[in-house]
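Protein chains: 2
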Amino acid sequence: MDKYKDFVALNVGTLAGRLSNLAILCDQIGSDPKTWRVKEVGDGNLNLVFIVEGSKGAAVVKQALPYVRLVGDSWPLPLKRSFFEYHALTRQSQRDPGMTPKIFSFDENQAIIVMEYLTPHVILRRAFIEGCEIPDLPDKLGHFLARTLFRGSDLCMDTKLRKADLALFADNVALCDITESLVFSDPYYEAKLNRHTSPQLDGIVAQLRADRDLKVAAQRLKHIFANMPETLIHGDLHTGSVMVTDNDVRVIDPEFAFYGPMAFDVGILLANFWMSYFSQRGHEGSRPRDSMRRYLLKTTVKIWNIFRAEFSKLWHSERTGILYQRQLFEDQNDALGSAQALDQFLNNIWVDMLGFAGVEIHRRVLGLAHNADFELIVDLDLRAACETKALKLGRYLAVNRAQIHSMAEINTLAERLETEIVT
Amino acid sequence: MDKYKDFVALNVGTLAGRLSNLAILCDQIGSDPKTWRVKEVGDGNLNLVFIVEGSKGAAVVKQALPYVRLVGDSWPLPLKRSFFEYHALTRQSQRDPGMTPKIFSFDENQAIIVMEYLTPHVILRRAFIEGCEIPDLPDKLGHFLARTLFRGSDLCMDTKLRKADLALFADNVALCDITESLVFSDPYYEAKLNRHTSPQLDGIVAQLRADRDLKVAAQRLKHIFANMPETLIHGDLHTGSVMVTDNDVRVIDPEFAFYGPMAFDVGILLANFWMSYFSQRGHEGSRPRDSMRRYLLKTTVKIWNIFRAEFSKLWHSERTGILYQRQLFEDQNDALGSAQALDQFLNNIWVDMLGFAGVEIHRRVLGLAHNADFELIVDLDLRAACETKALKLGRYLAVNRAQIHSMAEINTLAERLETEIVT
Chain A
0 MDKYKDFVAL
10 NVGTLAGRLS
20 NLAILCDQIG
30 SDPKTWRVKE
40 VGDGNLNLVF
50 IVEGSKGAAV
60 VKQALPYVRL
70 VGDSWPLPLK
80 RSFFEYHALT
90 RQSQRDPGMT
100 PKIFSFDENQ
110 AIIVMEYLTP
120 HVILRRAFIE
130 GCEIPDLPDK
140 LGHFLARTLF
150 RGSDLCMDTK
160 LRKADLALFA
170 DNVALCDITE
180 SLVFSDPYYE
190 AKLNRHTSPQ
200 LDGIVAQLRA
210 DRDLKVAAQR
220 LKHIFANMPE
230 TLIHGDLHTG
240 SVMVTDNDVR
250 VIDPEFAFYG
260 PMAFDVGILL
270 ANFWMSYFSQ
280 RGHEGSRPRD
290 SMRRYLLKTT
300 VKIWNIFRAE
310 FSKLWHSERT
320 GILYQRQLFE
330 DQNDALGSAQ
340 ALDQFLNNIW
350 VDMLGFAGVE
360 IHRRVLGLAH
370 NADFELIVDL
380 DLRAACETKA
390 LKLGRYLAVN
400 RAQIHSMAEI
410 NTLAERLETE
420 IVT
Chain B
0 MDKYKDFVAL
10 NVGTLAGRLS
20 NLAILCDQIG
30 SDPKTWRVKE
40 VGDGNLNLVF
50 IVEGSKGAAV
60 VKQALPYVRL
70 VGDSWPLPLK
80 RSFFEYHALT
90 RQSQRDPGMT
100 PKIFSFDENQ
110 AIIVMEYLTP
120 HVILRRAFIE
130 GCEIPDLPDK
140 LGHFLARTLF
150 RGSDLCMDTK
160 LRKADLALFA
170 DNVALCDITE
180 SLVFSDPYYE
190 AKLNRHTSPQ
200 LDGIVAQLRA
210 DRDLKVAAQR
220 LKHIFANMPE
230 TLIHGDLHTG
240 SVMVTDNDVR
250 VIDPEFAFYG
260 PMAFDVGILL
270 ANFWMSYFSQ
280 RGHEGSRPRD
290 SMRRYLLKTT
300 VKIWNIFRAE
310 FSKLWHSERT
320 GILYQRQLFE
330 DQNDALGSAQ
340 ALDQFLNNIW
350 VDMLGFAGVE
360 IHRRVLGLAH
370 NADFELIVDL
380 DLRAACETKA
390 LKLGRYLAVN
400 RAQIHSMAEI
410 NTLAERLETE
420 IVT
């Protein structure tokens with residue numbers, strides 16, 4: 000039986016009629032649907048997103064489509080991603096309360112999630128393009144990473160529940176396939192969907208696609224991505240999945256969620272900071288962005304440090320799962336054994352995180368889905384110059400990841416790339 | 000609804016009556032159940048195993064019990080393990096035909112598998128205890144490892160099917176729990192179910208339980224075991240799960256099967272060869288087992304080499320999955336990239352395999368489930384001397400695994416441990 004056989008896409012004209020019986024929505028925004036104002040605001044690649052405003056307030060209505068919106072119905076995509084998004088949101092909101100939009104209702108058959116309208120929030124990527132320094136980021140995002148990744152893992156959860164949840168999310172095949180193909184493979188050969196700033200980048204693109212060590216590294220990272228379900232990850236945690244105000248930070252859009260490696264979310268997020276860093280030159284015009292660049296690099300350092308600190312705190316206070324049990328360490332008066340294990344655990348995340356960051360940078364410049372950070376730079380020579388620096392950092396991270404020991408090393412290299420010609 | 004609510008354990012008296020309507024069994028052994036001779040032969044820790052002989056032949060009837068047979072109904076264990084065993088057997092028989100017993104029927108509700116009666120096969124562990132050198136082992140077992148591990152992985156399978164299968168086997172929680180607890184944790188602290196040859200081993204046991212690096216290594220290996228579902232593994236591939244004649248080798252009892260790390264099956268198997276090696280002194284009496292010892296070490300080398308060779312062959316001929324795609328390597332005239340990736344892949348298996356071998360050795364001497372290899376040595380001082388050498392090798396492997404580069408190094412150390420006092 001097809002769960003989605005009665006699926007009908009919403010539109011601005013039908014939404015109020017179709018959702019007028021939803022009590023929780025009426026409570027939220029006012030119960031007279033005739034007064035509702037509906038607009039479609041989806042700027043993502045996959046879904047319909049509406050803002051519905053009534054006399055009492057507003058809400059967001061997100062509906063999956065049975066295909067990739069960016070490409071059209073030639074690329075079908077299961078509606079069930081809405082189910083995974085809903086279940087990821089409920090788990091994230093338990094693991095780090097207040098960091099995701101409130102969920103009002105979920106209609107599985109229509110693939111509709113009704114949730115909190117975040118206002119006056121803006122997408123973090125846009126804020127960065129405009130040169131805005133957001134103060135609360137490291138604290139909120141570092142904690143979010145540590146709490147969601149730790150609390151969904153065998154370090155903390157009852158493993159029976161984790162294994163059942165892993166099985167539930169194992170069916171998110173189509174969205175995993177997008178990442179497996181678009182992040183780890185397509186950028187490294189002439190795949191059909193690829194595009195890049197041409198002809199400016201032709202040379203470096205050919206170089207990267209002939210780079211044996213890079214290709215092997217990318218495939219090793221794909222192996223880890225596909226075969227290491229340590230925890231429920233967001234799966235698409237770039238700066239377009241973060242909304243901010245001056246004093247609030249929220250994480251949205253976890254439809255790529257599945258049980259994967261902890262390092263993935265961390266790496267994707269930091270990669271998008273480094274891309275923003277290299278894109279600043281393309282947006283500064285006559286007002287130099289030196290302060291913004293310093294802010295971005297400092298923020299990567301802080302996010303990693305806060306992630307590490309919070310993860311370590313949870314290691315000591317909430318390590319109730321089957322891995323690294325206290326019986327073997329603290330309970331034997333071997334606190335140093337626990338510390339040694341934690342160091343190794345974090346080191347493994349560090350190394351893989353750098354690799355994931357490297358390939359994320361590449362795919363955003365060489366693959367199908369580009370970033371507005373670079374895309375909004377109209378001058379193609381300037382855009383290509385920014386992208387080249389990012390590509391070089393990405394290659395360095397992906398191939399050299401086991402030999403890098405601190406954020407300071409990476410940021411020093413980023414600064415050199417930004418100011419000198421480094422080949 | 001409880002799938003197993005009508006479950007009734009078989010016994011020697013009821014078996015013929017209950018299975019007399021099973022056409023495929025009648026075809027196999029003769030259709031007059033009154034002439035069937037039934038005996039119970041289960042010497043394992045978990046299940047009932049009957050041999051049923053009729054006028055035309057014989058078959059094995061294996062039935063799970065809702066508890067651990069070794070311990071009794073104080074330790075419940077799901078009947079569903081029979082479902083996992085059946086599904087593992089069907090997959091293994093596709094991936095390496097002829098290496099598992101033929102399956103005649105499966106009754107899920109009664110947790111009964113009817114299968115080929117292997118005769119005159121003996122359990123490999125018993126053959127080793129008696130000092131028998133089995134010629135075909137490396138070839139058959141090396142191929143079995145490579146074929147089942149490669150063909151169940153994302154190197155080969157359609158990843159959608161692999162992910163669905165992973166979800167199916169993710170429910171084999173109870174049997175994973177046995178391994179997670181008994182192999183990776185219990186041996187390293189004073190867990191209730193542990194036992195060891197006492198007082199002879201008290202000193203080294205205390206030493207190992209205070210060994211920080213060893214405990215951290217064991218937990219890292221547990222992390223890999225629980226969080227790296229690369230392929231469908233047998234999950235319990237010791238020498239008691241292998242049956243042999245002079246010219247046949249079969250692998251039985253895969254009820255621990257689930258999607259786990261490739262290295263696990265390889266490591267468990269080789270660990271049991273090394274334990275047999277150290278146990279020979281306890282069985283030789285007046286007839287020295289020098290030749291048997293040489294045979295055992297040579298066989299470990301051959302199994303690893305044949306595993307490597309067959310895995311490499313499959314890498315080149317059947318690499319049709321999402322990992323290390325040919326589009327990135329061979330199709331770009333980059334055969335060397337593919338070879339480099341294969342080397343790294345095999346190296347990762349090698350390092351983890353040694354770790355799994357190390358902890359397997361420990362748990363068989365320090366934990367709940369001991370091996371007949373050592374248990375049948377009546378002289379406790381002699382048994383403890385054999386076990387001590389094994390424990391030392393196990394510690395070396397588990398902690399030092401990333402620095403060991405060849406089987407020759409390990410076997411040289413094993414020979415030193417066997418002939419000298421090495422502390």
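Protein chains in written order, with numbering that gives the first Met the number 0: chain A, 0 to 422; chain B, 0 to 422.
C-beta atoms are modelled at their ideal positions from N, C-alpha and C, and glycine is treated no differently.
Values in this document were obtained by computation on a predicted structure and should not be read as measured data.
Minimum Cβ-Cβ distance from residue i to chain B less than 8 Å
i	result
Pro228 (chain A)	yes
Asp1 (chain A)	no
Pro322 (chain A)	The amino acid occupying residue 322 (chain A) in the given sequence is Leu; Pro does not appear at that position. Yes, Leu322 (chain A) lies at the interface with chain B (some Cβ there is under 8 Å from its Cβ).
His222 (chain A)	yes
Glu254 (chain A)	no
Gly336 (chain A)	yes
Val398 (chain A)	no
Arg211 (chain A)	yes
Residue i versus residue j: straight-line alpha-carbon distance, rounded
i	j	result
Gln402 (chain A)	Cys131 (chain B)	49 Å
Gly393 (chain A)	Met352 (chain A)	12 Å
Asp31 (chain A)	Lys159 (chain A)	46 Å
Asp106 (chain B)	Asp235 (chain B)	23 Å
Ala216 (chain A)	Thr178 (chain A)	16 Å
Glu283 (chain B)	Gly239 (chain B)	20 Å
Ser337 (chain A)	Pro260 (chain A)	21 Å
Thr418 (chain B)	Thr411 (chain B)	11 Å
Pro137 (chain A)	Lys388 (chain A)	24 Å
Phe306 (chain B)	Trp303 (chain A)	41 Å
Lys79 (chain B)	Tyr258 (chain B)	16 Å
Three-state class that DSSP yields for residue i in the structure shown
i	result
Leu327 (chain A)	helix
Arg307 (chain A)	helix
Gln62 (chain B)	strand
His22 (chain B)	The sequence shown places Ala at residue 22 (chain B), rather than the His named in the question. Three-state DSSP puts Ala22 (chain B) in a helix.
Ile267 (chain B)	helix
Asn171 (chain A)	coil
Glu254 (chain B)	coil
Ala110 (chain B)	coil
Lys101 (chain A)	coil
Glu189 (chain B)	coil
Ala209 (chain B)	coil
8 Å CB neighbourhood of residue i in its chain, flanking five on each side removed
i	result
Tyr66 (chain B)	Asp72, Ser73, Trp74, Pro75, Leu76
Thr89 (chain B)	Ile102
Thr298 (chain B)	Leu136, Pro137, Phe272
Contacting residues, own chain, Cβ-Cβ under 7 Å from residue i (five flanking each side not counted)
i	result
Val350 (chain B)	Arg400, Ala401
Leu181 (chain A)	Arg362, Gly366, Leu367, Ala368
Of the listed residues the options, nearest to residue i (C-alpha basis)
i	options	result
Pro198 (chain A)	A:Leu207, A:Ala383, A:Glu408	A:Ala383
Ala256 (chain A)	A:His361, A:Asp153, A:Glu229	A:Glu229
Arg68 (chain B)	B:Leu160, B:Asp42, B:Thr147	B:Asp42
Leu390 (chain B)	B:Leu322, B:His195, B:Gln27, B:Asn10	B:His195
Leu295 (chain B)	B:Pro287, B:Gln279, B:Phe310, B:Glu309	B:Gln279
Gly151 (chain B)	B:Ala87, B:Ala8, B:Arg415	B:Ala87
Ile112 (chain A)	A:Asp289, A:Asp1, A:Asp252, A:Ser316	A:Asp252
Ala205 (chain B)	B:Ile23, B:Ser104, B:Leu192, B:Pro186	B:Pro186
Ala340 (chain A)	B:Leu192, B:Arg219, B:Ser19, B:Val11	B:Arg219
Asp26 (chain A)	A:Asp157, A:Lys55, A:Gly12	A:Lys55
6 Å Cβ shell around residue i - same chain, five flanking residues per side excluded
i	result
Lys139 (chain B)	Val248
His237 (chain A)	Ile267, Asn271
Leu154 (chain A)	Arg318, Gly320, Leu322
Glu52 (chain A)	Arg36
Any chain A beta carbon closer than 8 Å to residue i
i	result
His233 (chain B)	no
Tyr66 (chain B)	no
Leu165 (chain B)	yes
Glu408 (chain B)	no
Proximity test, residue i beta-carbon vs the ligand GDP heavy atom, cut-off 7 Å
i	result
Leu295 (chain A)	With respect to the ligand GDP, the structure shown offers nothing to examine, as it has no ligands at all.
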